[in-house]
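Trainee: Residue numbers (my numbering): 35 to 193. We treat Cβ as the ideally placed atom computed from N, Cα and C, and that holds for glycine.
#1: Would you kindly work out how many angstroms separate the C-alpha atoms of residue 147 and residue 91, rounded to a whole number?
#2: Please name the residue or residues paired with residue 171 in a DSSP beta bridge.
#3: Over what stretch of residues does the alpha helix (DSSP H) that includes residue 158 continue unbroken?
#4: Specify the secondary structure class of residue 143 as computed by DSSP and reduced to three states.
#5: Where does residue 74 sit, in a helix, a strand or coil, going by DSSP?
#6: Do the CB positions of residue 53 and residue 87 come within less than 8 Å of each other?
#7: Should residue 51 go down as buried or exposed, given a rule of 16 or more other Cβ atoms within 10 Å for buried?
#8: Would you list the one or two residues that DSSP bridges to residue 1?
#9: Looking at residue 104 and residue 172, is the spacing between their C-beta atoms short of 8 Å?
#10: With a Cβ-Cβ cutoff of 8 Å, do residue 162 and residue 170 count as a contact?
#11: Just to confirm the assignment: which complete alpha helix (DSSP H) runs, minimum length 4, are found wholly within the segment 81-137?
#12: So, at 6 Å on beta carbons, what are the nonlocal neighbours of residue 134 in its own chain, with the 5 sequence-adjacent residues on each side left out?
#13: Do the segment 38-45 and the segment 105-112 touch if we need at least three Cβ pairs shorter than 8 Å?
#14: Near residue 143, which residues of its chain fall below 8 Å by C-beta distance, leaving aside the five closest residues on each side in sequence?
#15: If we ignore side chains and look at the alpha-carbon of each, how far apart do residue 20 and residue 193 end up?
#16: Determine the burial state of residue 182: buried for a count of at least 16 other Cβ atoms within 10 Å of its Cβ, exposed for fewer.
#17: Can you grab the Cα-Cα spacing for the pair residue 136 / residue 129, in whole Å?
Have a look at this one:
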């Protein structure tokens, strides 16, 4: 399941969309700073821009982690011939996350900045049980995030 999770990052182009997200944040903060006649070279403006880049990176990372977890359990369920997320698949991925936490000597309640806590991720996985494989909510959310990122990127070049 961990390999399926990692494969999901590749399959859904998560790294590429993280880069697009960072690029959009930089372009749009520059554009807005210019629009509001702020000095782009000023330390304050650059710190605000850096803070926004970090916030977008964290947000996207967490959404992509959630999607990769969901893909792992959905793919495991599909490999067993199911059209819904199976309890066993969710449980197995939760156990894998717990094992990773144990091997890393971290609490399942510890909040990782980019991944969230293991406990949060386990709860997300539990919420997917019995969900149809073609209607997993995080896939729809990430689809709209990607559409927004590409639209913002294209819009910046048009403006």
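Mentor: The short version:
#1: One C-alpha to the other measures close to 10 Å.
#2: When beta bridges are read from the DSSP output, residue 171 appears opposite no residue.
#3: 152-162
#4: coil
#5: In the structure shown, residue 74 adopts coil according to DSSP, grouped into three states.
#6: no
#7: buried
#8: In the structure as shown, the chain starts at 35 and stops at 193, and residue 1 therefore has no counterpart that could be examined.
#9: yes
#10: yes
#11: Entirely contained in the segment 81-137, the alpha helix (DSSP H) runs reaching 4 residues are, in chain order, 121-137.
#12: Answer for residue 134: no residue qualifies.
#13: yes
#14: Non-local beta-carbon contacts of residue 143 in its own chain, meaning distances under 8 Å to residues more than five positions away in sequence, involve 151, 152 and 153 in chain order.
#15: For residue 20 there is no data in the structure shown, the boundaries of the chain being 35 and 193.
#16: Exposure of residue 182 is indicated by the presence of fewer than 16 other C-beta atoms within 10 angstroms of its C-beta.
#17: Distance from the CA atom of residue 136 to the CA atom of residue 129, rounded to whole angstroms, is 10 Å.
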